Structures are given as C-alpha cells and as structure tokens.
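Enquirer: Numbering (this note's numbering), first residue to last: 70 to 475.
1. Would you kindly report the start and end of the unbroken beta strand (DSSP E) that includes residue 113?
2. Work out the CA separation of residue 426 and residue 316 for me, nearest whole Å.
3. When the Cα atoms are used, what is the spatial distance from residue 113 to residue 212?
4. I believe residue 420 touches residue 461 by the beta-carbon criterion, under 8 angstroms. Please report the beta-carbon distance rounded to the nearest angstrom.
5. Determine the contact status of residue 264 and residue 243, defining contact as a CB-CB distance below 7 angstroms.
6. If we count the other Cβ atoms within 10 Å of its Cβ and call it buried at 16 or more, is residue 398 buried or exposed?
7. How would you call residue 327, buried or exposed, if buried means at least 16 neighbouring beta carbons within 10 angstroms?
8. In its own chain, which residues sit with a C-beta less than 6 angstroms from the C-beta of residue 349, not counting the 5 before and 5 after it?
9. Excluding five sequence neighbours on each side, which residues of the same chain lie with their C-beta closer than 7 angstroms to the C-beta of residue 98?
10. Check whether the region 349-365 and the region 330-338 touch, using three or more Cβ-Cβ pairs below 8 angstroms as the test.
11. Throw me the rounded Cβ distance for the residue 305 and residue 282 pair, which I believe falls under 8 angstroms.
12. What separation, rounded to the nearest whole angstrom, lies between the Cα atoms of residue 395 and residue 345?
13. Could you tell me whether the Cβ atoms of residue 102 and residue 109 are closer together than 7 angstroms?
14. What residues in its chain sit with their C-beta under 6 angstroms from that of residue 272, if we drop five residues either side in the sequence?
15. Would you please state the rounded distance, in angstroms, between the beta carbons of residue 330 and residue 351? I believe it to be under 8 angstroms.
16. Assign residue 370 to one of two classes, buried (16 or more other C-beta atoms within 10 Å of its C-beta) or exposed (fewer than that).
17. From the DSSP output, which residues share a beta bridge with residue 338?
18. I need the boundaries of the alpha helix (DSSP H) containing residue 395, first residue and last residue.
19. So what's residue 347 in DSSP terms, helix, strand or just coil?
20. Grab the span of the beta strand (DSSP E) containing residue 455 for me, first residue to last.
21. According to DSSP, is residue 276 helix, strand or coil?
22. Looking only at its own chain, which residues have a Cβ that is under 6 angstroms from the Cβ of residue 79, when we skip the five neighbours before and after it?
23. Where does residue 413 sit, in a helix, a strand or coil, going by DSSP?
24. Under the rule that 16 or more other beta-carbon atoms within 10 Å means buried, what is residue 104, buried or exposed?
25. Considering Cα atoms alone, identify which of 374, 85, 444, 87 is closest to residue 389.
26. Which same chain residues end up closer than 7 angstroms to residue 464 when comparing Cβ atoms and leaving out the 5 residues on each side of it in sequence?
27. Between residue 449 and residue 324, what straight-line distance do the alpha-carbon atoms span, to the nearest angstrom?
28. Within 10 angstroms of the Cβ of residue 477, are there 16 or more other Cβ atoms? Answer buried if so, exposed if not.
29. Quick test of your reading: residue 250 and residue 277, contact by CB under 8 angstroms. State the CB separation rounded to the nearest angstrom.
30. Just how far apart, CA to CA, sit residue 386 and residue 237?
31. So for residue 95, helix, strand or coil by DSSP?
32. In three-state terms, what does DSSP make of residue 408?
33. Buried or exposed, going by whether 16 or more other CB atoms sit within 10 Å of the CB of residue 441?
34. Taking just the CA atoms, how far does residue 85 sit from residue 436?
35. Look at the Cβ atom of residue 90, then the Cβ atom of residue 443, and state whether they are nearer than 7 angstroms.
36. Given this structure, state the Cα-to-Cα distance separating residue 269 from residue 416, to the nearest angstrom.
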C-alpha cells in the first residue's frame, strides 16, 4: 500500500528525474520503487515520453496557466531525517484545485502526479526542452565544482588529492586516499600529536575526509581544516575556515572541538554544519546530538534543528529554530533555497562554480527565491530556472555573471 507520505515522496522524485535530475539517494529510491511492481515500472515507462506529460496536464492546463509560476515557487522539499514532505501549503493548494477543477478519484500516484505536473509543467517545458535561441544566450558551459583538494603536510610538502589514490606513507603515518570516500588515516599508536596536517579545498571544489578517531568531515568550496594526526588524550581539536559538515564519533572522555574564527563549537558525538563564509558571521546548525557554542567566554547550548548565529563584531550569539534541509543539502549534492535572497544564493553559486558576480542594480540582491535542485548541473540550468520564476535576468560574460532586473 502506498501511504500519503510515500506518495508525495516518489511523485516528487519522479518529477525531478524527468526535469532537473536526481541525486544518488533519490536515484536509488526510484530504482527500488520501479522494482516493487510491474505497475510501477509500466508507469515509469509511460512517463518517459513528452506525450504523457501533455496528456496528464491537458484537463487542467488552461485553468492553471495563470497560476503556474506562483505554484512553481511552492515549498516542495523533503525533510531528510523524517522522510516526508513539508506540505502544509501544497495540501491546501491541492484541495483548492481539486474543488475548482472537479478532480475526483484518481489513482494514488496519478493524483499527485497531476498536481505536481501543474506545478512543474513550466519547469519541464523550459528545462526539459530548452531552446537556447529563445532563452539565455548560447555560450560556453560553466560546469559545476567537483572533488578537489590539496593536503599540506607538517613538512611543507603538498599532495594534490584529486590526482592521488591508494595508500601513502608520510611522516610515519598511513594516509589512505579513496576516489569516493576521500582521505582517511589509520589509527596511530605512537605519539604524533604535534604533527598537524591541513586540507585546503579551493573554489569550485568539495572534499570528504575521515580523521583518525573515525570522525567524518565534508568540506565545501573555499574551505580548509587543520587537525593533528593524533589527538590529545583530553580533547580532539580542529581549526576550520569556511564551511564543513561534521559527523563526530563518540568519545565521552575527549570532547570534539571546532575552532572557527573567534568562536568554538564543543561536542561529544553529533552531526552539525558550520559555516563562516559570510563576512563577520558564523552559523552553526545542529542536525542531531548536542553542542555548546562558546564565544566571549559564554557558552550557549544548541539543540537539534536549531541554528546559532555568531556576530563577530557585536560578540553576540543568536539561536533560532530552523528547517535544517537548506543548510545541509549541499553535502548530499543539492541546492535547497527556502525564500533565500538572491544575494545569498549567488554567493553560494559563485563559490561552487568558481565565478564572479556583478549586480547591475543593488536592489536585485533582495529578490527572494525558492528552489530544490541538483548542484551537479551546469550553472546555465539554474540561472534559466530563476529567470522563469522571477523578474531577474542573467548575462554570462566569461566567468562573470551579471545580474539585473528584466
């Protein structure tokens, strides 16, 4: 039986598959759903045709035409730790459309597909059959970032990690470099606390690593982390610049400490994201567990689904409840923007795609947009999508993006 939350989830994944594309996790869920029954596979094959989408939306297309761009900005996204959609707005819209358009008893999957088609048809028409002669100027592609980083050893030697795989023995330490899982260290038995390594991820890069204690770290673009090859007996301390997601291994006898700017995050075993890429601001978002935010000799306890914002100039820490999805989606290969300012969106895109951004009008920075997209697409796809749902236009000149009102 397909429950409502599953119905929404698979419908959303199907829509993403046939428009912007799915990430690895979504592709696995889609493959599993297709294998569950012949009916599912038949529906998938039927959907793999432009005729299906035209037929699906034909009964409601005329009446929804005026609403499509508004509906396209609805909040359709997954709360990953609960496995279901945030759907307050969408359910209200579904009931309203059903009453107005006399949609009666459709099959469980088809009912949601009709709704999602109404929301996503314009995305499909523009992103799925993009005629560049009618849209953005046809230019050289700006490709997304990828796995790249440089390892700096205590001796000063540098190792470009994108060009190395296998086992490396350096400074009496075994370092393993895997194409998928990044850098990891074999446990050290001898005293090596004073040996400090540093990993630097450039603009247009990302990298994953595992420390000797089993802690996993995802580094975002334009970020770096310094860490001892062997931690001290009383604590595990690292220093971060930029943005990183942590999954800290539990060790009650040795708290894990992240030093970032003039702030410290103290944890025991938890999952959280730290971002210091905004000038004068450090954001910490807690996914699970418990952490202490220490600034100016004051400690504030952060609970799951809370964000701490440290203002370096004022020395204040503000805590608020948040939907964590948009803050940690990058780790799983997605961009999720929830009513974010265009300025904040372009800041993220500039780092990931390694481009410069110029605003023809400063006010355009304050345009707010929402979207859920795979971040391994060329930047033209994202910009074209934003053009269709807003009054903003983009012009690409070399590796500079000019943003202005239409």
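Note that CB positions come from ideal geometry on N, CA and C, so glycine has one too.
Computed from a predicted model, the values in this text were never measured in an experiment.
Expert: Looking at the coordinates:
1. Taking the chain shown and counting its residues from 1, the one referred to as residue 113 is at position 44. No beta strand (DSSP E) contains residue 113, which is instead part of the alpha helix (DSSP H) from 107-116.
2. Start at 1 with the first residue of the chain shown, and residue 316 comes out as number 247. Start at 1 with the first residue of the chain shown, and residue 426 comes out as number 357. Approximately 33 angstroms between the Cα atoms of the pair.
3. Residue numbering aside, residue 113 sits at position 44 when the chain shown is read from its first letter. Residue numbering aside, residue 212 sits at position 143 when the chain shown is read from its first letter. Distance between the alpha carbons of residue 113 and residue 212 is about 29 angstroms.
4. Residue mapping note: residue 420 aligns to position 351 of the chain shown, counting from 1. Residue mapping note: residue 461 aligns to position 392 of the chain shown, counting from 1. Not confirmed; about 20 angstroms, so no contact.
5. Counted from its first residue, the chain shown places residue 264 at position 195. Counted from its first residue, the chain shown places residue 243 at position 174. Contact flag unset, no.
6. Residue numbering aside, residue 398 sits at position 329 when the chain shown is read from its first letter. Per the 10 Å Cβ criterion, buried.
7. By one-based count along the chain shown, residue 327 stands at place 258. Residue 327 is buried by the Cβ-count criterion.
8. As a first step, residue 349 is located in the chain shown; it is residue number 280 there, counting from the start. The residues are 381, 382.
9. Here residue 98 refers to the residue found at position 29 of the chain shown. Answer for residue 98: 82, listed in chain order.
10. yes
11. In the chain shown, counting from the first residue as 1, residue 305 sits at position 236. In the chain shown, counting from the first residue as 1, residue 282 sits at position 213. Going by Cβ atoms, the distance from residue 305 to residue 282 rounds to 6 angstroms, so yes, they are a contact pair.
12. The sequence position of residue 395 within the chain shown is 326, counting from 1. The sequence position of residue 345 within the chain shown is 276, counting from 1. Answer to the nearest angstrom: the Cα atoms are 16 angstroms apart.
13. Working through the chain shown from its first residue, we reach residue 102 at position 33. Working through the chain shown from its first residue, we reach residue 109 at position 40. Contact: yes.
14. As a first step, residue 272 must be located in the chain shown, where it is residue number 203. Within the same chain, residue 272 has close Cβ partners 290, 291, 420, 423.
15. Locating residue 330 in the chain shown gives position 261, where the first residue counts as 1. Locating residue 351 in the chain shown gives position 282, where the first residue counts as 1. Sure, about 5 angstroms apart at Cβ, within 8 angstroms.
16. Stepping through the chain shown from its first residue, residue 370 is reached at position 301. Exposed, by the Cβ-count rule.
17. As a position in the chain shown, residue 338 is number 269, starting the count at 1. Residue 338 pairs with nothing; no bridge assigned.
18. One-based indexing of the chain shown puts residue 395 at position 326. Taken as a continuous stretch (DSSP letters only), the alpha helix (DSSP H) holding residue 395 covers 394-397.
19. Against the chain shown, residue 347 aligns to sequence position 278. Reduced to three states, the DSSP call for residue 347 is coil.
20. Mapped onto the chain shown, residue 455 falls at position 386. From DSSP, residue 455 is part of no beta strand (DSSP E) but of the alpha helix (DSSP H) over 448-457.
21. Position 207 of the chain shown, counted from the first residue, corresponds to residue 276. The answer is strand: DSSP assigns residue 276 an E or B state.
22. Start at 1 with the first residue of the chain shown, and residue 79 comes out as number 10. Same-chain partners within the cutoff: 102.
23. Counting from one through the chain shown, the residue named residue 413 turns up at place 344. Note: residue 413 maps to helix in three-state DSSP.
24. For the purposes of this step, residue 104 is taken as the residue at position 35 of the chain shown. Under this definition residue 104 is an exposed residue.
25. Reading the chain shown from its first residue, position 320 is the one you call residue 389. Selected option, being the one with the closest Cα: 374.
26. Position 395 of the chain shown holds residue 464. Counting only Cβ-Cβ distances below 7 angstroms, and skipping sequence neighbours, we find 471.
27. Here residue 449 refers to the residue found at position 380 of the chain shown. Here residue 324 refers to the residue found at position 255 of the chain shown. If I take the Cα positions, the gap works out to 44 angstroms.
28. Since the displayed the chain opens at 70 and closes at 475, residue 477 lies outside it and no answer follows.
29. In the chain shown, counting from the first residue as 1, residue 250 sits at position 181. In the chain shown, counting from the first residue as 1, residue 277 sits at position 208. So it is a contact: roughly 6 angstroms between Cβ atoms.
30. Position 317 of the chain shown, counted from the first residue, corresponds to residue 386. Position 168 of the chain shown, counted from the first residue, corresponds to residue 237. Taking the straight line joining both Cα atoms gives about 42 angstroms.
31. On the chain shown, position 26 is the one that residue 95 refers to. Three-state result, residue 95: helix.
32. One-based indexing of the chain shown puts residue 408 at position 339. In this structure, residue 408 counts as strand in the three-state DSSP scheme.
33. Here residue 441 refers to the residue found at position 372 of the chain shown. Classification of residue 441: buried, given that the 10 Å Cβ count is 16 or more.
34. As a first step, residue 436 is located in the chain shown; it is residue number 367 there, counting from the start. As a first step, residue 85 is located in the chain shown; it is residue number 16 there, counting from the start. If you take the alpha carbons of residue 436 and residue 85, they lie about 24 angstroms apart.
35. As a working mapping, residue 90 is identified with position 21 in the chain shown. As a working mapping, residue 443 is identified with position 374 in the chain shown. Yes, they are a contact pair.
36. Residue mapping note: residue 269 aligns to position 200 of the chain shown, counting from 1. Residue mapping note: residue 416 aligns to position 347 of the chain shown, counting from 1. Residue 269 and residue 416: Cα-Cα distance of roughly 19 angstroms.
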